[in-house]
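K.L.:
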């Protein structure tokens, strides 16, 4: 998918070199670095550059990814890649959705966030479906204001209690369709092949490399 606007934009290719990963989340930065590894990109995180975290005022994953990418590109003078992702639970009307990180509170305690999801579902009764999906929106911005964006998704169900120490965020309670292990239990290379972030990255790689 190309950048938002009334006229479709031509896909712009990304040259090898430095790229800002517009995130202060170490787990997310690590995953993106792994996914970018084969493409001659030298990733540097927003935290490494002491860039501030912009307020996420968008109402969609794409809008939040775009504002983070634009802010990092403006401040660094380099191309910047931002990810906005979250867990959407069907029985909760899509929540926590774009507020997935906020459910973890100021301390970014995803143990708390997972417990809140479980409690909200439990309050709706034992027969409440546990269907959920992860969404990942990637926005790639250049200092001149050009933006490309891509959105990926993976479907699954929620389990309780959480299982596994791999991954981050809500991974330990999410089990992909057809799987018997959570994203917290599977090896990182397996997750990189099937996750919402991997889906969005496949689209990005096909378009800009």
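Residue numbers (our numbering): 1423 to 1631. C-beta atoms are modelled at their ideal positions from N, C-alpha and C, and glycine is treated no differently.
Which whole-angstrom value describes the C-beta separation of residue 1501 and residue 1462, a residue pair presumed to lie in contact below a C-beta threshold of 8 Å?
P.N.:
Contact flag wrong, Cβ pair sits at about 13 Å.
K.L.:
Using 8 Å as the threshold, is the segment 1466-1475 in touch with the segment 1527-1534, meaning 3 or more CB pairs across them?
P.N.:
No, because fewer than three Cβ pairs between the segment 1466-1475 and the segment 1527-1534 fall closer than 8 Å, the two stretches do not touch.
K.L.:
Please report the residue range of the alpha helix (DSSP H) in which residue 1487 lies.
P.N.:
1483-1498 is the extent of the alpha helix (DSSP H) around residue 1487.
K.L.:
Under 8 Å by Cβ, that's how I've got residue 1596 and residue 1509 pegged, so tell me the actual separation to the nearest angstrom.
P.N.:
At roughly 7 Å, the Cβ-Cβ gap stays under 8 Å, so residue 1596 and residue 1509 are in contact.
K.L.:
Once the 5 residues before and after residue 1458 are set aside, which same chain residues still bring their CB inside 6 Å of it?
P.N.:
So the list reads 1465, once near-sequence residues are dropped.
K.L.:
Residue 1555 bridges to which residues according to DSSP?
P.N.:
Answer by DSSP bridge pairing, in chain order: 1510 and 1577.
K.L.:
Leaving aside the five residues before and after residue 1540 along the sequence, list all residues of the same chain whose C-beta is less than 7 Å from its C-beta, in chain order.
P.N.:
Cβ within range, chain order: 1582.
K.L.:
Short of 7 Å in beta carbon distance, which residues of its chain neighbour residue 1517, apart from the five on each side in sequence? Order them along the chain.
P.N.:
Here the set comprises 1511.
K.L.:
Identify the continuous alpha helix (DSSP H) that holds residue 1473 and give its terminal residues.
P.N.:
No alpha helix (DSSP H) holds residue 1473; DSSP gives it neither H nor E.
K.L.:
Quick check on DSSP: helix, strand or coil for residue 1598?
P.N.:
Here residue 1598 sits in strand by DSSP.
K.L.:
Pull the bridge partners of residue 1504 from the DSSP assignment, please.
P.N.:
Paired residue(s): 1561.
K.L.:
For the alpha helix (DSSP H) containing residue 1449, list its first residue and its last residue.
P.N.:
Its alpha helix (DSSP H) spans residues 1448-1458.
K.L.:
Give a yes or no on whether the C-beta atoms belonging to residue 1433 and residue 1570 are separated by under 8 Å.
P.N.:
Yes.
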